[in-house]
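Read through the structure below, which is laid out as structure tokens, and then see the notes.
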Amino acid sequence: MSKLAFLNGKYVMLGGKLVVATPPIPSGFKTEWETTEENEVIILPLADNYNSSFDFMVDWGDGTQESYTTYQDVSHGYVEASTYIVEITGTCEGWSMGLDHPNRLNLKKVIHWGEDEGFSVFKYLFRGFMNCTNLESIADGPIQDSGLINFRETFRNCSGLTGSIPENLFANNTQVSMNGFYGTFYNCSGLTGSIPENLFTNNTQVSTNGFYRTFYGCSGLTGSIPKDLFSQNIEVTTGGFRETFRGCLGLSGSIDGSLFWNNTQVSSSAFYLTFNGCSGLTGSIPENLFTNNTQVSTNGFYRTFYGCSGLTGSIPENLFANNTQVSNSGFRETFRGCLGLSGSIDGSLFWNNT
């Protein structure tokens, strides 16, 4: 037989003979780095936060393998300027580029997030890849999780990222809570394609500032905002959708009326600049868009639709009927720059906002 066939998961038929199958070696966390000069040193951006543990091996991609039990001074010098695939196996729970890591421009790709048997999963990814402007792609998820509580600014300013956001990227991270997706893709202007509908499906504990600036400046994203994008994020509270889609010029289509239907706990600054500058959005504003958001308060609808020049039709008379807690700057510049809105403003529009 020339074909390879598995039998009972333990043996294979090879050339007509039954032989013991060699199981695949579990894969670790793989990244691609590019050095630009001889003897350049790469320092891995490991971080000791949230009691992260370290006991791992690094395959540096040039034939060198080294073991470590600390996050400090994990570095390697490369003789030749070239591209290298670095693989981490074992326990390595904290990774953060921070504001100005010296090798942030050397990182080119995240190839694989690692498997349970080969990599111990992450506990800390705050600003994990921030300012890696030469990062071209990230692997399909899920990102392995060990109690990871937020993805705050994880990919912020990764303007070189291209392609779509993997739909299952955050699927395993069920403990993400406060600041959960604060600025996660902030200024990732190279991302394209639609936002996956199930991107935040399993992240049911997201709370304060949960989606603050999540897609701010992602001008390359296209398509409509999925109606169920936030349907399972029922714990989102203060600052919940502040500037979430600000500057997403490429988003199009109508806003679905059920987009925030399940987010009943959002309060102060809940919809502060949420759609600011989303000039590609079209259609009418749904009358029931904020029906269930009864806790919205200070700065609640400050510039919510500012610059949404593609929106059309009249402003629904009951749009804010249930938002009785709105207070300071509650409707400041809410519709500023909405050149396409038409018709009369109903006298009862702010009737209940006492």
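Counting from 1 along the sequence shown, just add 53 to a position and that's the residue number in this note's numbering. Cβ atoms here follow ideal geometry from the backbone N, Cα and C, with glycine treated the same way. Here the structure is a predicted model, which means the values were calculated and not measured.
Distance CB(residue i)-CB(residue j) smaller than 8 Å
{"i": "E220", "j": "R266", "result": "no"}
{"i": "T327", "j": "Q285", "result": "no"}
{"i": "Y131", "j": "S149", "result": "no"}
{"i": "S272", "j": "S242", "result": "yes"}
{"i": "S305", "j": "L334", "result": "yes"}
{"i": "N203", "j": "M231", "result": "yes"}
{"i": "L394", "j": "T365", "result": "yes"}
{"i": "V349", "j": "Q318", "result": "no"}
{"i": "I218", "j": "L201", "result": "no"}
{"i": "T227", "j": "Q197", "result": "no"}
{"i": "T344", "j": "N375", "result": "yes"}
{"i": "D112", "j": "E93", "result": "no"}
{"i": "G336", "j": "R299", "result": "no"}
{"i": "T387", "j": "F354", "result": "yes"}
{"i": "S25", "j": "G292", "result": "Since the first and last residues shown for the chain are 54 and 407, residue 25 lies out of range."}
{"i": "Y239", "j": "N262", "result": "no"}
{"i": "S212", "j": "G147", "result": "no"}
{"i": "I338", "j": "L372", "result": "yes"}
{"i": "S382", "j": "T351", "result": "yes"}
{"i": "G167", "j": "S80", "result": "yes"}
{"i": "T142", "j": "M110", "result": "yes"}
{"i": "S135", "j": "T84", "result": "no"}
{"i": "I368", "j": "L402", "result": "yes"}
{"i": "N156", "j": "I96", "result": "yes"}
{"i": "S222", "j": "C185", "result": "Note that residue 222 corresponds to Leu in the displayed sequence, not to Ser. No, the pair does not count as a contact, with Cβ atoms beyond the cut-off."}
{"i": "T237", "j": "T207", "result": "yes"}
{"i": "S320", "j": "S277", "result": "no"}
{"i": "N341", "j": "T377", "result": "no"}
{"i": "H165", "j": "F82", "result": "yes"}
{"i": "F264", "j": "F294", "result": "yes"}
Coarse secondary structure for residue i, derived from DSSP in three states
{"i": "T144", "result": "strand"}
{"i": "Q258", "result": "coil"}
{"i": "H129", "result": "strand"}
{"i": "M183", "result": "coil"}
{"i": "K176", "result": "coil"}
{"i": "K56", "result": "Caution is warranted here: a pLDDT of 39 is assigned to K56, below 50, making its placement in the model unreliable, and no coordinate value can be reported."}
{"i": "S190", "result": "strand"}
{"i": "V319", "result": "coil"}
{"i": "V410", "result": "Outside the displayed span of the chain (54 to 407) sits residue 410, for which this structure offers no information."}
{"i": "D281", "result": "coil"}
{"i": "G81", "result": "coil"}
{"i": "D198", "result": "strand"}
{"i": "G236", "result": "coil"}
{"i": "L392", "result": "coil"}
{"i": "S401", "result": "coil"}
{"i": "G276", "result": "strand"}
Which residues DSSP lists as bridging residue i, in chain order
{"i": "S106", "result": "Bridge partners of S106: none, in fact."}
{"i": "T136", "result": "E87"}
{"i": "G306", "result": "L334"}
{"i": "L99", "result": "W148"}
{"i": "T366", "result": "Note that residue 366 is Gly in the sequence shown here, rather than Thr. Answer is L394, bridged to G366."}
{"i": "L244", "result": "G216"}
Boundaries of the beta strand (DSSP E) in which residue i is found, first to last residue
{"i": "H165", "result": "160 to 165"}
{"i": "I96", "result": "93 to 96"}
{"i": "Y121", "result": "118 to 121"}
- Message: Count Cβ pairs between the region 117 to 132 and the region 191 to 204 that sit closer than 8 Å; are there 3 or more?
- Response: no
- Using 8 Å as the threshold, is the region 91 to 101 in touch with the region 162 to 175, meaning 3 or more CB pairs across them? no
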